[in-house]
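Novice:
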Amino acid sequence: MGERMRTKKLFIFGSTGDLVRHKVMKGLEGAGIKDLEIFAIGRRNLSREQYIELACVDCVENFKQKINYINCELNEECFLKTLISLLKKDEINFFYAALPPALLKYLLKYIAILKKKGYKIKILMEKPFGENLKDALKLNTIIEKNKLKDDILISDHYMYKTPIKRLKPIEFKEIRMVALENAGLEGRTEYYETVGALGDMVQNHFLNVVFKLITKPKDEFKNFKITKYERGQYGDGKNKGYVKELGKESDTETFVHLVIKTKKRRYEFITGKAFDKKISFIDIDNKRIDLLKLKEPEYIGIFKDFFALKKDNFPTIENSILAWRIISKIKKKKAKLFYYDEDSSAEEFLRSHGINV
Numbered sequence: 001m002g003e004r005m006r007t008k009k010l011f012i013f014g015s016t017g018d019l020v021r022h023k024v025m026k027g028l029e030g031a032g033i034k035d036l037e038i039f040a041i042g043r044r045n046l047s048r049e050q051y052i053e054l055a056c057v058d059c060v061e062n063f064k065q066k067i068n069y070i071n072c073e074l075n076e077e078c079f080l081k082t083l084i085s086l087l088k089k090d091e092i093n094f095f096y097a098a099l100p101p102a103l104l105k106y107l108l109k110y111i112a113i114l115k116k117k118g119y120k121i122k123i124l125m126e127k128p129f130g131e132n133l134k135d136a137l138k139l140n141t142i143i144e145k146n147k148l149k150d151d152i153l154i155s156d157h158y159m160y161k162t163p164i165k166r167l168k169p170i171e172f173k174e175i176r177m178v179a180l181e182n183a184g185l186e187g188r189t190e191y192y193e194t195v196g197a198l199g200d201m202v203q204n205h206f207l208n209v210v211f212k213l214i215t216k217p218k219d220e221f222k223n224f225k226i227t228k229y230e231r232g233q234y235g236d237g238k239n240k241g242y243v244k245e246l247g248k249e250s251d252t253e254t255f256v257h258l259v260i261k262t263k264k265r266r267y268e269f270i271t272g273k274a275f276d277k278k279i280s281f282i283d284i285d286n287k288r289i290d291l292l293k294l295k296e297p298e299y300i301g302i303f304k305d306f307f308a309l310k311k312d313n314f315p316t317i318e319n320s321i322l323a324w325r326i327i328s329k330i331k332k333k334k335a336k337l338f339y340y341d342e343d344s345s346a347e348e349f350l351r352s353h354g355i356n357v
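The numbering of the sequence shown is the working numbering, which starts it at 1 and goes up by one.
#1: Taking all protein chains shown into account, do 16 or more other C-beta atoms lie within 10 angstroms of the C-beta of residue 5, making it buried, or fewer, making it exposed?
#2: Tell me whether residue 322 is buried or exposed, calling it buried when 16 or more other Cβ atoms sit within 10 Å of its Cβ.
#3: So, does the stretch 111–121 touch the stretch 160–171, judging by three or more C-beta pairs under 8 Å?
#4: Less than 8 Å between the C-beta atoms of residue 160 and residue 29, yes or no?
#5: Could you tell me which residues DSSP puts in a beta bridge with residue 132?
#6: Using the Cα positions of residue 329 and residue 206, report the straight-line distance between them to the nearest angstrom.
#7: Kindly identify the DSSP beta-bridge partner or partners of residue 178.
#8: Suppose you measure from the CA of residue 331 to the CA of residue 75; what does that come to, to the nearest Å?
#9: Hey, could you find the ends of the alpha helix (DSSP H) residue 75 is sitting in?
#10: Starting from residue 93, follow the beta strand (DSSP E) in both directions and report where the run begins and ends.
#11: Hey, how far is the Cα of residue 88 from the Cα of residue 201?
#12: Please confirm whether residue 154 and residue 315 have their CB atoms less than 8 Å apart.
#13: Could you check where the beta strand (DSSP E) with residue 27 kicks off and where it finishes?
#14: Any beta carbon from chain D within less than 8 Å of residue 102's own beta carbon?
#15: DSSP on residue 172, reduced to helix/strand/coil?
#16: Could you tell me whether the stretch 218–232 touches the stretch 245–255, using the rule of 3 or more Cβ pairs below 8 Å?
#17: What does the Cβ neighbour count give for residue 272, buried or exposed, with the cut at 16 atoms within 10 Å?
#18: Out of 218, 199 and 178, point me to the one whose CA is closest to residue 351's CA.
#19: Under a three-way DSSP split, which group does residue 41 fall into?
#20: Take residue 42 and list the residues in its own chain whose beta-carbon comes closer than 6 Å to its own, dropping the five residues that flank it on each side.
#21: Among 108, 53, 77 and 243, which one has its Cα closest to the Cα of residue 339?
#22: Which residues bound the alpha helix (DSSP H) around residue 196?
#23: I believe residue 262 touches residue 221 by the beta-carbon criterion, under 8 Å. Please report the beta-carbon distance rounded to the nearest angstrom.
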C-alpha cells in the first residue's frame, strides 16, 4: 500500500496530438520520473496497445508499462465519473494539457469542480494562453474566480533551451533575437494560420525570454514605440510556398522583422520559416549566445521541474497577458506583406536586414 501511495499520476489531455507524440512522451521517458503512472486521455477509440503504437512506439518497454489510455470526451461525465475514480485525494494529481485555447476553459472549469471536492491538482498548460488578448483575459477570469493561479504552470520549451535556462536578470541596452528555420509548416497549417510568425515566435517565445531578463516587464512595456515592422511570406502568395501548403490565399506572415524601443532599451526580433538552413541566436549588447547547442531535449527539463513544482523557468500568467497586450498593439500597425523564395539563403537574408552572422 505504501508503494502505491508514492506513485505520481499524470493525466495527459490532447494525448493524440503531434506535440505529445513527438516531444512529450520522449521528454517524460528521458526525465526518468520514478513511480510514474500515465493516463492518456483522448477522444479516439483506441486500445492501450494502439495508443502506445501511435504515441510511444520507440519508447523502452519499461516506460511503456507506465502508460494507460482512456477514451474520454472533455466533458462532465469524463471528469466526474471516469477520471475521478483514478484521482488521489491525499496526494497531488498532475495534469498536462496540449489543447487549443478554446478547450482550456472547459478543462479549467472541471478542475475547479474537482478542487472543490478536495482533490489536489497541478496543471501544466501548453501555450498559447488564449487566442487573443480578450480570450486570455477570459481565461484569467476563470482562473481567478476559482483560485487556480497557484496550481497552473505554462509551458514554453524555448525557456528550457540550455543557454536560455541559464539566463538571469541583467542590465542591458539592446537585445536582438533571431530564429530562422529551414522547415515550412510541417502539417501545422491550421494552427499557424491563426498566429503567424508574430504569434508563433515573438509572442510565444521571444517575449518570454525578455521577461526573464528584466525585473519589471509591465513597467518596461507600459509605453513603447514600434520603429520597424516588416512582414513576409515564403512563396508567391498565389500558388507557391505557404499558400500551396495551406490550400488557399492568405495574408498570414511567415517572416517578421520587428524593432521596439522603450525608454531604457531597444529590442529587435527576427523570425521566419522555409530558409535554406537554421540560424538561432541572441545578441545581448553585442554578446552572442548560440541557441542551437542543446545539452538535453527541452521537455526533459520541463517535466523534471513540473513534478518538482519548480516554477522559475515557466512563464507567468501575468506575463502571458502582457505579451498579448504588446502583440495587440503591434498588430494595429499595418505592414504590407512581401514575398520571398522558399529555401532563400538565411545568411544573406539577415545581412540584407543589417545583421552580421
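Glycine included, each C-beta is placed from N, C-alpha and C at the ideal position. All figures in this text were calculated on a predicted structure; none of them were measured in a lab.
Specialist: Quick answer:
#1: In this predicted model, residue 5 has a pLDDT of only 49, less than 50, meaning its place in the structure is not dependable; the value taken from the coordinates is given anyway. It counts as exposed.
#2: buried
#3: no
#4: no
#5: Paired residue(s): none; residue 132 is not in a bridge.
#6: 16 Å
#7: 270 and 281
#8: 35 Å
#9: From DSSP, residue 75 is part of no alpha helix (DSSP H); its letter is neither H nor E.
#10: 92–97
#11: 38 Å
#12: yes
#13: Note, residue 27: premise wrong, no beta strand (DSSP E); alpha helix (DSSP H) at 25–31.
#14: Absent here is chain D; the protein component of the structure consists of one chain.
#15: coil
#16: yes
#17: buried
#18: 178
#19: strand
#20: 15 and 16
#21: 243
#22: 189–197
#23: 6 Å
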